[in-house]
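In numbering that gives the first Met the number 0, the protein residues as written are 0 to 326. Just so it is clear, CB atoms sit at the ideal spot from N, CA and C, and this is done for glycine as well. The next block holds one structure in the form of C-alpha cells; read it before the comments.
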Amino acid sequence: MSKTFEYDVIIVGAGPAGMTAGMYAGRSMLKTVIIERGGSGGELLNTEAIEDYPGFEHIEGWDLAQRFENHAKKFGAEFHQGVVLTVRRLEDATFEVETESGDVYHAPTVIITAGGTPIKLGVPGEAEYAGKGVSYCAICDGAFFKGHVIAVVGGGDAAAEESDFLTRYADKVYLIHRRDELRASKILQKRLFENPKIEVIWDTLVERVEADEHGFVNNLKLRNVKTGAESNLAATAMFVFIGFRPNTGIIEGHVDHDEMGYLLTDTNMETSIDGLFAAGDVRSQLTRQVTTAAGDGTTAAIAAEKYLASLRDSSVGRIVATGGYAV
Ligand SMILES: Cc1cc2nc3c(=O)[nH]c(=O)nc-3n(C[C@H](O)[C@H](O)[C@H](O)COP(=O)(O)OP(=O)(O)OC[C@H]3O[C@@H](n4cnc5c(N)ncnc54)[C@H](O)[C@@H]3O)c2cc1C
C-alpha cells in the first residue's frame, strides 16, 4: 500500500552529494529523507578504489560509501528505498515527490543529487571488466595505468582532453574513433595531434573487450568500419568518453539547464525553481569528483536550511522541523 510522508528536506539519490547533504541537513535538525533506487553510494559502488578523497590515501568505493551512509544516519537523515518518478512544485510552493511504488513525499525543499550515467559502448566485456581496465573517468583511474598501453574511445572534447591527460601516466594512448575526423574543438585537436604519445585509430569500432585469466583487460578486438578489417589492440585499459547523461528527467516543468542537460544552479546550489536545489554530478560544473559532490551537497543543505528559515520568518509553506540527531 502506498504511503504519504512529510519532511523538511527530500534528497533524491544517495551518492556522495546526497549523503553529504543528508548529513548536514540532519545536523541542522531538519527532518530529512534520502530516497535511493539502488544501494547507498552511487558511483562509489562502481569504483574499485578511491585515492583522491582527502584523508584517505586509498579506500575501496563500497567502504567510503558505507562511511558516508553511517555518518548521515548518525545525524538523523533517514534512508528510504525507492525510484523517484517525479518531483513536482505545488501551488503552495512546496514539493511533491512520487516514487514508483506510489509513495508520496511532501517538503518545502528538495535537493536533487541523482547524478548521471556515462553512456556505454554496449560491447561484450565492457560491463564485465568495468573497474578492471574499463573506465569512464580519467582523473579517477588514470594513475592505475602508469607505463601502460591504453585505449580511449570517443571523438569529442572529453575524449581528446582525457587522451592528453592520460599520457601523464600511460606510455602510449590509442584514441579509437568511429569516424575519420574528430568532433573535438580545434585547440584540443591540436594538443592531441602534437602529443607524441597519442595515436589515433580512425574509422574503427571496439567490438569486444578481452581480459587475462585474472579478469584484467589485456586486448581489444577492433573492426574498421570502411574496410571491415579486424584487428587486435593489446591495451590494458579502455577509457570510454562518448557522453554522460544527467538524471534530470524526474523534474516536472521547466528548470534551467546547460546544452548537455546538466542543471544550472547559483552559488547556493539553487536551481531556477525556488526551493529546488541540485548538487553533485547532476549539476553543470567544471569537474565531477567525490570531493566536488560532497562540497556541493554541503552548500545545498546549508542553503536549504536558510531557505526554510526564510519561509518560517514569512510564515509560508509547511515546516516539519522535527528532525535531529542523537550523539
Ligand atoms: C567508474 C568511476 C570511477 C570513479 N572514480 C572516482 C575516483 O577515484 N575519485 C573521485 O573523486 N571520483 C570518482 N568518480 C566520480 C564520482 O564517483 C562521482 O563524481 C560522484 O559519485 C558523484 O556523486 P553524486 O552523488 O553527485 O552522484 P552519484 O554518485 O551518481 O549518485 C547518484 C545517486 O542517485 C541515485 N538516483 C538517480 N536517479 C534516481 C531516482 N530517480 N530515484 C532514486 N535514486 C536515484 C543513483 O542510484 C545514485 O545512487 C568515478 C566515477 C566513475 C563512474
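Determine whether the beta carbon atoms of I49 and F276 lie at a separation below 8 Å. In this structure, F276 does not lie closer than 8 Å to I49 by Cβ.
Quiz prompt | Sequence-distant residues of the same chain with beta carbon closer than 6 Å to Y324, five excluded per side | solution = Any reading at Y324 must be qualified, since the residue scores a pLDDT of 40, below 50, and its modelled position is unreliable; the value itself is stated next. Non-local beta-carbon contacts of Y324 in its own chain, meaning distances under 6 Å to residues more than five positions away in sequence, involve G25, F74 and G75 in chain order.
### Task
Check each candidate in T291, Y104 and E160 and name the one with the smallest Cα separation from D51.
The option with the nearest alpha carbon to D51 is T291.
Review point. Just how far apart, CA to CA, sit D163 and V152?
Key: Here the C-alpha atom of D163 lies approximately 13 Å from the C-alpha atom of V152.
- prompt: For M22, which three-state DSSP category applies?
  reply: In the structure shown, the three-state DSSP call for M22 is helix.
Candidates E251, K30, E198 and Y173: closest to L219 by CA position: Per the Cα distances, Y173.
ask   = What is the DSSP secondary structure of K220, reduced to helix, strand or coil?
value = DSSP places K220 in strand when its eight states are reduced to three.
Quiz item: Identify the residues that DSSP records as bridge partners of A236: which are they?
Solution: The partner list for A236 (beta bridge, DSSP) reads I149.
With T108 and I34 assumed to form a contact (beta carbons below 8 Å), what rounded beta-carbon distance in angstroms separates them? In this structure T108 is not in contact with I34, their Cβ atoms being roughly 14 Å apart against a cut-off of 8 Å.
At a cut-off of 7 Å, would you count A16 as near ligand 1, judging by its Cβ distance to the nearest heavy atom? A16 Cβ: within cutoff of ligand 1.
Considering only the alpha carbon of each residue, which of W61, D170 and E95 lies closest to L44? Closest in C-alpha terms to L44, from the list W61, D170 and E95, comes W61.
Close beta carbons around E229, own chain, < 6 Å, minus the five adjacent residues each side: Excluding the 5 residues flanking it on each side, E229 has same chain C-beta neighbours closer than 6 Å at R222, in chain order.
- Query: V8 bridges to which residues according to DSSP?
  - Reply: Beta-bridge pairing links V8 to T31 and T108.
Note to self: Restricting to Cα atoms, I'd like to know which of E68, F144 and P15 is closest to A234.
What the structure shows: Measuring C-alpha to C-alpha distances from A234 to each of E68, F144 and P15 identifies F144 as the nearest.
Subject >> the region 129–145 in contact with the region 237–250 per 3-pair CB rule at 8 Å >> reply: Yes, the region 129–145 is in contact with the region 237–250.
Which same chain residues, not among the five before or five after A198, have their C-beta less than 6 Å away from its C-beta?
Note that residue 198 corresponds to Glu in the displayed sequence, not to Ala. Counting only residues of its own chain and dropping the five nearest sequence neighbours on each side, E198 has a CB closer than 6 Å to the CB of Y173.
Using three-state DSSP, classify H79 as helix, strand or coil. Three-state result, H79: strand.
| field | Span of the beta strand (DSSP E), counted from its first residue to its last, around E209 | value | E209 -> beta strand (DSSP E) spans T203 to A210.
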